[in-house]
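Residue numbers (this note's numbering): 8 to 335.
Structure first, then comments.
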């Protein structure tokens with residue numbers, strides 16, 4: 008148990024590898040964080056396993072957590088948090104791969120009913136049956152990250168994820184500037200799910216703006232909204248590549264999106280997802296403005312592999328998708 012507050016744990020002289028090899032603290036995981044304001048940087052963690060199959064490399068039992076520049080893989084959960092309703096969690100520049108015990112209840116990350124999650128500049132891939140990201144936070148900012156699986160040069164074993172992003176309790180949720188890919192081998196053809204279990208969170212507004220969705224399966228739904236959600240989702244400036252329905256929510260506001268079987272990317276195979284010269288989704292978007300809460304929806308960054316980001320070049324009109332067109 009890590010009980011001290013305002014503690015910084017940082018790997019130096021390279022990235023240390025912490026292999027739990029099945030050992031655990033309090034039957035919960037490898038590092039059980041009980042303090043407040045803990046920061047964890049530059050570590051590689053694997054092998055978290057406990058008798059109830061819900062172990063985590065990092066288990067938040069305290070309040071507030073920051074994780075950055077790390078690699079969490081092959082655990083039952085990469086990160087698992089409590090449900091305190093007040094914690095704020097920041098995760099950035101971090102890779103998650105092949106976490107999950109294979110039962111569908113464990114995930115690359117499982118963020119409980121906390122106050123807020125900021126998830127940016129990350130790479131989450133190949134969850135083992137579970138989701139690449141699951142969050143019940145009241146406010147979610149999921150930005151400039153890549154969710155994908157089954158790549159030719161994986162850093163982990165390939166997995167068959169269910170949802171790429173699951174926000175089962177609703178909440179005010181921003182999904183901006185991400186690459187979201189569903190592999191052909193998957194456990195569920197939905198890519199982004201919102202409020203499909205309940206709408207317990209006070210906010211019920213979903214903003215899906217300037218993402219690039221890639222469906223390599225035979226069918227699916229890109230954005231699934233639970234039937235009890237009455238607030239219309241905003242779905243704007245997204246590229247939807249491959250088969251499937253954009254959304255099941257009939258009231259959703261859909262603006263200047265682009266869907267095609269094989270959009271004209273610079274190089275789809277190497278994930279250079281910028282619009283190719285003359286692509287119909289280049290300079291074809293509209294300005295997304297701000298949310299009801301006054302948060303800007305305009306993308307300012309774009310994902311760089313692995314788990315990095317760079318400033319997004321501006322254009323007028325704005326380009327559709329997670330990437331700006333190549334500059335002349």
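We put the beta carbon where it would ideally sit given N, CA and C, even for glycine.
task: In angstroms with no decimal places, state the Cα-to-Cα distance between residue 264 and residue 60.
output: 41 Å
Chain-order list of residues whose beta-carbon lies under 6 Å from that of residue 213 (same chain, five-residue window excluded): 180, 201, 240
message: Restricting to Cα atoms, I'd like to know which of 124, 135, 208 is closest to residue 115.
response: 135
message: Suppose contacts are defined by Cβ-Cβ distances below 7 Å. Is residue 28 in contact with residue 39 by that definition?
response: no
message: Let's see if you can read the secondary structure: which residues bound the beta strand (DSSP E) around residue 221?
response: 219–222
- request: Output the boundary residues of the beta strand (DSSP E) element that contains residue 277.
  value: Here residue 277 belongs to no beta strand (DSSP E), and DSSP marks it neither H nor E.
- request: Sort out for me which residues DSSP pairs residue 79 with in a bridge.
  value: 52, 103
message: Measuring straight from C-alpha to C-alpha, what distance separates residue 42 and residue 51?
response: 21 Å
query: Which two residues bound the contiguous beta strand (DSSP E) that contains residue 262?
result: 260–262
- request: May I ask you to report which of helix, strand or coil DSSP gives residue 282?
  value: strand
query: Quick one: what does DSSP say residue 44 is sitting in, helix, strand or coil?
result: strand
- request: On a CA-only basis, which of 290, 142, 139, 47 is nearest residue 334? Give me that one, please.
  value: 290
Euclidean distance between Cα positions of residue 108 and residue 321: 42 Å
message: Taking the beta carbon of residue 164 as the centre, do at least 16 other beta carbons fall within 10 Å, making it buried, or is it exposed?
response: exposed
query: Fully enclosed by the region 220–255, which beta strand (DSSP E) runs are 3 residues long or longer?
result: 228–232, 241–243, 246–248, 252–254
When 266, 273, 331, 243 are compared against residue 297, the one with the closest alpha-carbon: 243
- prompt: What separation, rounded to the nearest whole angstrom, lies between the Cα atoms of residue 187 and residue 270?
  reply: 15 Å
- request: Determine the DSSP secondary structure at residue 135, reduced to helix, strand or coil.
  value: coil
message: Check for me: the beta strand (DSSP E) holding residue 381 runs from which residue to which?
response: Missing from the structure shown is residue 381; the chain here goes from 8 to 335 and no further.
query: Under the rule that 16 or more other beta-carbon atoms within 10 Å means buried, what is residue 24, buried or exposed?
result: exposed
task: Consider the Cβ of residue 219: report whether some Cβ of chain D lies at a distance smaller than 7 Å.
output: Looking at the structure shown, chain D is missing, and only one protein chain is on hand.
- prompt: At which residues does the beta strand (DSSP E) containing residue 397 begin and terminate?
  reply: The structure shown does not extend to residue 397, since the chain is modelled only from 8 through 335, so no value can be given for it.
Buried versus exposed, by CB contacts within 10 Å (16 or more), residue 287: exposed
7 Å Cβ cutoff met for residue 338 and residue 71: Nothing about residue 338 can be reported from this structure: the residues present for the chain run from 8 to 335 only.
- prompt: Looking at the unbroken beta strand (DSSP E) that takes in residue 266, where does it start and where does it end?
  reply: 265–267
- request: Pick helix, strand or coil for residue 112, following the three-state DSSP scheme.
  value: coil
- prompt: What residues match up with residue 198 in a beta bridge as DSSP calls it?
  reply: In the DSSP output, where bridge partners are listed per residue, residue 198 has none listed.
task: Can you grab the Cα-Cα spacing for the pair residue 279 / residue 272, in whole Å?
output: 7 Å
- request: List the endpoints of the continuous beta strand (DSSP E) containing residue 155.
  value: 153–155
- request: List the whole-angstrom C-beta distance separating residue 314 from residue 281, where the pair is believed to meet the contact cut-off of C-beta under 8 Å.
  value: Actually they are not in contact, since the Cβ atoms of residue 314 and residue 281 sit about 19 Å apart, beyond 8 Å.
Closest Cα partner of residue 145 within the set 195, 126, 93, 129: 93
query: How big is the Cα-Cα spacing for residue 276 and residue 149?
result: 24 Å
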